[in-house]
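A short write-up of the structure that comes next.
Number of protein chains: 2
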Amino acid sequence: MWKQLYQDENARVGVMSLSHGEVETPVFMPVGTQATVKGMSPDNLKQIGFQIILANTYHLNLRPGMEIIGESGGLHSFMNWDRNILTDSGGFQVFSLAALRKISEDGVSFRSHIDGSLHMLTPENVIDKQKIMGVDIAMTLDECPPYPSSKSYIQKSMDLTIRWAKKSRQYHPVGSDGPKLFGIVQGGMFHDLRQECANKMIPLDFDGYAFGGLSVGEEKNKMYDIMSAVHEVLPTNKPRYIMGIGTPEDLLEAIDCGVDMFDCVLPSRNARNGTLYTWDGKISIKNRKWQLFQDPIDTKCPCYACQNFSAAYLHHLFKAQEILSLQLNTYHNLCFFYELIQAAKKEIYAKNFKTFKSSLLKKWNK
Amino acid sequence: MWKQLYQDENARVGVMSLSHGEVETPVFMPVGTQATVKGMSPDNLKQIGFQIILANTYHLNLRPGMEIIGESGGLHSFMNWDRNILTDSGGFQVFSLAALRKISEDGVSFRSHIDGSLHMLTPENVIDKQKIMGVDIAMTLDECPPYPSSKSYIQKSMDLTIRWAKKSRQYHPVGSDGPKLFGIVQGGMFHDLRQECANKMIPLDFDGYAFGGLSVGEEKNKMYDIMSAVHEVLPTNKPRYIMGIGTPEDLLEAIDCGVDMFDCVLPSRNARNGTLYTWDGKISIKNRKWQLFQDPIDTKCPCYACQNFSAAYLHHLFKAQEILSLQLNTYHNLCFFYELIQAAKKEIYAKNFKTFKSSLLKKWNK
Chain A
-19 MWKQLYQDEN
-9 ARVGVMSLSH
1 GEVETPVFMP
11 VGTQATVKGM
21 SPDNLKQIGF
31 QIILANTYHL
41 NLRPGMEIIG
51 ESGGLHSFMN
61 WDRNILTDSG
71 GFQVFSLAAL
81 RKISEDGVSF
91 RSHIDGSLHM
101 LTPENVIDKQ
111 KIMGVDIAMT
121 LDECPPYPSS
131 KSYIQKSMDL
141 TIRWAKKSRQ
151 YHPVGSDGPK
161 LFGIVQGGMF
171 HDLRQECANK
181 MIPLDFDGYA
191 FGGLSVGEEK
201 NKMYDIMSAV
211 HEVLPTNKPR
221 YIMGIGTPED
231 LLEAIDCGVD
241 MFDCVLPSRN
251 ARNGTLYTWD
261 GKISIKNRKW
271 QLFQDPIDTK
281 CPCYACQNFS
291 AAYLHHLFKA
301 QEILSLQLNT
311 YHNLCFFYEL
321 IQAAKKEIYA
331 KNFKTFKSSL
341 LKKWNK
Chain B
-19 MWKQLYQDEN
-9 ARVGVMSLSH
1 GEVETPVFMP
11 VGTQATVKGM
21 SPDNLKQIGF
31 QIILANTYHL
41 NLRPGMEIIG
51 ESGGLHSFMN
61 WDRNILTDSG
71 GFQVFSLAAL
81 RKISEDGVSF
91 RSHIDGSLHM
101 LTPENVIDKQ
111 KIMGVDIAMT
121 LDECPPYPSS
131 KSYIQKSMDL
141 TIRWAKKSRQ
151 YHPVGSDGPK
161 LFGIVQGGMF
171 HDLRQECANK
181 MIPLDFDGYA
191 FGGLSVGEEK
201 NKMYDIMSAV
211 HEVLPTNKPR
221 YIMGIGTPED
231 LLEAIDCGVD
241 MFDCVLPSRN
251 ARNGTLYTWD
261 GKISIKNRKW
271 QLFQDPIDTK
281 CPCYACQNFS
291 AAYLHHLFKA
301 QEILSLQLNT
311 YHNLCFFYEL
321 IQAAKKEIYA
331 KNFKTFKSSL
341 LKKWNK
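Listed in order, the protein sequences are those of chains A and B.
Position 175 of the first sequence, counting from 1, maps to 155 under my numbering, and the rest follow consecutively.
Position 122 of the second sequence, counting from 1, maps to 102 under my numbering, and the rest follow consecutively.
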C-alpha cells in the first residue's frame, strides 16, 4: 500500500494508496481527537491540502461512543471528512489519561476520565472499534510504559505489546477487508529492545510500522537517538510512523532518519496559546511588538490568516480572547506544518535534504 | 441614502446606498463587538449574504484603541471586511458596562471595564472615533437610562440626549464627508416622550433614526407598544433602526411596525449556548434526542452546518465542548436570521406579511 518514489540518503518520498485517496509521504497528520481538528472545518483542512487526519479511538469510544459513530455510517460520514483517517488504538491515552487501569494478558481495563465508567480495550476489540469507525489505517493495541522505566519493565511491557500485536494480526489477517493495520514497535530508549521488538513484528507483515513511546518526556537527544534506529530496524518497503511528534525540528530530524508519518497536537495547541510558526522560527502573537504590525505574520504563507489579516489584527484577536483567534492561529500553524513537509519533499527530490534541514535548524536555533 | 422599494401596510422593503455597497432593508446586522463576529470569518459572513455588520465603539476604543485601528487604515481594513459597518456610539455600553461613570453636559466620563483606565465620550469625539474607524453609519452619543426609571428622569435624560444630538449634527453637518449619521430617539416606555424626542430630532435631518433604550429588561408587550410608535413618530423617508433587538418574534413584530434595521447578539450568543433557531422554533442541541439524529437540524437550511453535518454531530461537538461547535452553531443561527429577513421581504412584496408573521408566531408559540 506504500510505494517509494524517491530517496535522498535515508529521507524518502513515497505514496500510500488508501481507501479515501492517495497520501504522499512524508506526511503530517493533524489531530482530530474528538472527530474534529480543534478550530478547523473539514473544508479548512482541505483548503490547506491535508489528505489524512488522525482521530483518537480512546476519546471517541467514550464520547460519542461506537454506537453513534456506527449509526452515523462511520467516522468519515459523522464528521463529513471524505479523505483518509488514521486512528490510534487508544493504548497511549489509557496509559496517560485513564484512571484505575489494570493490565492483563487479555487487554487493559480502566475508568473513563470523563465519567468514571468502566471500559476495557483488547487487541481484538480495538480493531472492531476502528472497523466500526471505518477508518483507513488502524493501529494495534500497545502498552505505553511511562518514562523513565527500568529496562526490565520495558522488556516485560514490550513482550506483552508483541503478544497483543500477534493477536491483532490473527484477528485482522493480511488482506482483510477494512482498515490497513499498523504495528507499534516499543522498546523505550533501548536500541536492542527496539530491534528485538521490530524483529518479532516484521513477520506479522503489518501494512506499516510505528515507533510508539517517544516524545513522552525524554530528552531530545534520546528521542533523536532512538529515531535514528528507524531506518535500520524497520522495513524499507513499508511506511514508518513516529507517533506523537513533533516540533518542526523533530519532523526534519525524523524525515532525515527515514520516517514517513507524524502526528502531533503541537501546532494546534500552540496556536491556541498564541505561539505561531514561521520560516524564521516561532513567534508569540501576544507580544506587544505585533500591535501595530501591518503585514501578515508571514508574507509568503498561503494560509487564510496570512492572506487576509495583519499581525496587528491577530494580536488584537488574541488579546480580546476571540474565537476567530483560535481559528486563524490554528489555520496558520497547520498550514505551516503542511508547507514544511511540502518543502521537505521538494528538497528530497533535489537530493538536498540534509542541507535544507541544517539551514533551517541553524536559523531556528539562533 | 434610503429608498423605499415596496410597502405592505407599515412593513416596507427599501435599499440603503452606502460607501461599501447597497444594503436591502429590512436588515439584520450581526454584532462584531471586538472587530469580529464571534466564531465567524469575514468569508463566512459573506457566504451567508450579510451586507452590513455592527461593531462597538466602546469596546474598540478601549481595545485595540483608535490609534491601532487608524494606523491599520480603518476598521474595514483591520478586520478585512469590505462591506458596510455600522458602529454604535458607545453610549449603551458606558451605561451598562463601565464603572464610575459621570454624566455632564459635555459627555460622559467612565472607567474601562477592562483595566480601570479613565475615558470620556462626548458627542463630538464619538464622531471622531467613528470617522477614524471609517465606518459607513455612525450613531450619535445618547444617554441610556436604566429600566425602570421615573418619567421625570427619562425626560431629563432625553433632553440631554437631544442636546447631544444637536451638538453631533453641528459637528458632522448634513452632507459631510465620512459616515452617514443616525440620531437616537429616547423616551423610555412613554409614547409622548418618544414623540417629543422625535419631533426635536427630525429638524436635525439625520440620515436615519433609531429607537434606543428598548430590550433593556422591560416586558415584551411594553417593548412592542413602543415599537408601534415607530411608524407614527419617525420619518417615512428614512431608515428606522431599533437597537439591540431581538428574537425572531421581535424582528417580525418590528418589521410589522415599519422598522428597517436591527442588531442583536442573540443569535450568536445563543449559538454558543447550544440554542439553535429553526423554522419550527428553537431547539437545544444539547438535548439527548439529537444524539442519533442523522439529518441536519434543518434540512432546508442553506448554511454550511446544515449542508454538511447531522444534528448528531452538532450534538457531539457541543457535548465535547469543541470550537467547531461554536463555529457551526453560530453559522446556522446567523443564517437563520438572514433567511428569516429574506423571507419577510418576499412576503412584503406579496402583500402577505401579516399572515406570514401570524403563522410563524403561532407555530413558535405552541
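For every residue, glycine included, the Cβ atom is placed at its ideal position computed from N, Cα and C.
Whole-angstrom distance between residue j and residue i, CA atom to CA atom
i: N64(B); j: L(-2)(B); result: 7 Å
i: I303(A); j: G19(B); result: 5 Å
i: L42(B); j: K262(A); result: 29 Å
i: E233(B); j: P228(A); result: 56 Å
i: L34(A); j: W259(B); result: 36 Å
i: E176(A); j: D122(A); result: 16 Å
i: V347(A); j: P125(A); result: No statement about residue 347(A) is possible, as the shown extent of chain A runs from -19 to 346 and does not include it.
i: L272(A); j: S52(B); result: 8 Å
i: N288(A); j: I48(B); result: 17 Å
i: N105(A); j: D68(A); result: 13 Å
i: G192(A); j: D23(A); result: 30 Å
i: I117(A); j: L(-15)(A); result: 21 Å
i: S92(A); j: Y151(A); result: 26 Å
i: H312(A); j: I328(A); result: 24 Å
i: W344(A); j: T335(A); result: 14 Å
i: K331(B); j: V7(B); result: 18 Å
i: G71(A); j: L341(B); result: 53 Å
i: K171(B); j: F162(B); result: The sequence as given places His at residue 171(B); Lys does not occur at that position. Each residue's Cα considered, the two are about 21 Å apart.
i: K350(B); j: P44(A); result: The shown model of chain B, from -19 to 346, leaves out residue 350(B), and the question about it has no answer.
i: D205(A); j: K146(A); result: 27 Å
i: F333(A); j: G(-6)(A); result: 15 Å
i: M113(A); j: M46(A); result: 7 Å
i: N201(B); j: L214(B); result: 20 Å
i: G224(A); j: M119(A); result: 13 Å
i: F298(B); j: S305(B); result: 5 Å
i: C286(A); j: Q135(A); result: 48 Å
i: S338(A); j: A324(A); result: 12 Å
Residue i - containing alpha helix (DSSP H), residue span
i: H93(B); result: Careful: H93(B) lies outside any alpha helix (DSSP H) and carries neither H nor E.
i: M(-4)(B); result: Element bounds for M(-4)(B): not the alpha helix (DSSP H) but the beta strand (DSSP E), -9 to -2.
i: F75(B); result: 71 to 76
i: F333(B); result: 333 to 344
i: K82(B); result: Here K82(B) belongs to no alpha helix (DSSP H); instead the beta strand (DSSP E) covers 79 to 83.
i: A178(B); result: 171 to 181
Given residue i as reference, the closest of the options once Cα atoms are compared
i: A(-9)(B); options: S264(B), I164(B), I235(B); result: I235(B)
i: R143(A); options: L184(A), Y127(A), Y133(A), S156(A); result: L184(A)
i: K131(B); options: L173(B), I112(B), T141(B); result: L173(B)
i: L256(B); options: V165(B), L320(B), S89(B), T310(B); result: T310(B)
i: L194(A); options: M(-4)(A), S208(A), V(-7)(A); result: S208(A)
i: E85(A); options: P103(A), S76(A), L25(A); result: P103(A)
i: L308(A); options: L294(A), L320(A), Q31(A), E319(A); result: L294(A)
i: R249(A); options: G12(A), K(-17)(A), V(-5)(A); result: G12(A)
i: I83(B); options: H39(B), L140(B), F242(B); result: L140(B)
i: D62(A); options: H39(A), F30(A), S89(A); result: F30(A)
Within chain D, partners of residue i - CB distance below 8 Å
i: Q271(A); result: Structure shown: chain D not included; protein chains present are A and B.
Extent of the continuous beta strand (DSSP E) to which residue i belongs
i: T5(B); result: 1 to 5
i: G197(A); result: Counting along the chain, G197(A) falls outside any beta strand (DSSP E), and DSSP gives it neither H nor E.
i: D(-12)(A); result: -18 to -12
i: S305(A); result: Unbroken run through S305(A) is the alpha helix (DSSP H), 303 to 329; no beta strand (DSSP E).
i: A190(B); result: 188 to 191
Distance cut-off 7 Å: residue i Cβ against heavy atoms of the ligand SAM
i: I222(A); result: Among the components modelled here there is no ligand, and therefore nothing to report on the ligand SAM.
Worksheet item: What alpha helix (DSSP H) runs, 4 residues minimum, are completely inside the stretch 102 to 159 of chain A?
Response: You should have 103 to 113, 131 to 151.
Item to complete: Could you name the residues of the stretch 48 to 69 of chain A whose beta carbon sits closer than 7 Å to any beta carbon of chain B, in the order they occur along the chain?
Response: I48, E51, S52, F58, M59, N60
Practice prompt. Just list the beta strand (DSSP E) runs in the stretch 223 to 247 of chain A, keeping only unbroken ones of 3 residues or longer that don't cross its boundaries, in chain order.
Written response: Listed in chain order, the complete beta strand (DSSP E) runs (minimum 3 residues) inside the stretch 223 to 247 of chain A are 241 to 243.
Discussion item. Any C-beta of chain B within less than 7 Å: which residues of the stretch 10 to 21 of chain A qualify?
Written reply: Q14, A15, T16, K18, G19, S21
Practice prompt. Just list the beta strand (DSSP E) runs in the stretch 1 to 76 of chain B, keeping only unbroken ones of 3 residues or longer that don't cross its boundaries, in chain order.
Written response: 1 to 5, 7 to 9, 32 to 36, 64 to 68
Item to complete: Determine which residues of the stretch 142 to 156 of chain B have a Cβ less than 7 Å from any Cβ of chain A, and write them out in chain order.
Response: none
Practice prompt. Output the residue ranges of the alpha helix (DSSP H) runs that lie fully inside the stretch 251 to 308 of chain A and measure 4 residues or longer, sorted by chain position.
Written response: Secondary structure in the stretch 251 to 308 of chain A: the alpha helix (DSSP H) runs of 4 residues or longer, each lying completely within the stretch, are 284 to 288, 291 to 299 in chain order.
Worksheet item: Listed from N- to C-terminal order along the chain, which residues in the stretch 273 to 289 of chain B have their beta-carbon within a distance smaller than 8 Å of any beta-carbon of chain A?
Response: Q274, Y284, N288, F289
Item to complete: Using a Cβ-Cβ cut-off of less than 8 Å, give me the residues of the stretch 221 to 249 of chain B that come near chain A, in sequence order.
Response: Taken residue by residue, none of the stretch 221 to 249 of chain B has a beta-carbon sitting less than 8 Å from a beta-carbon on chain A.
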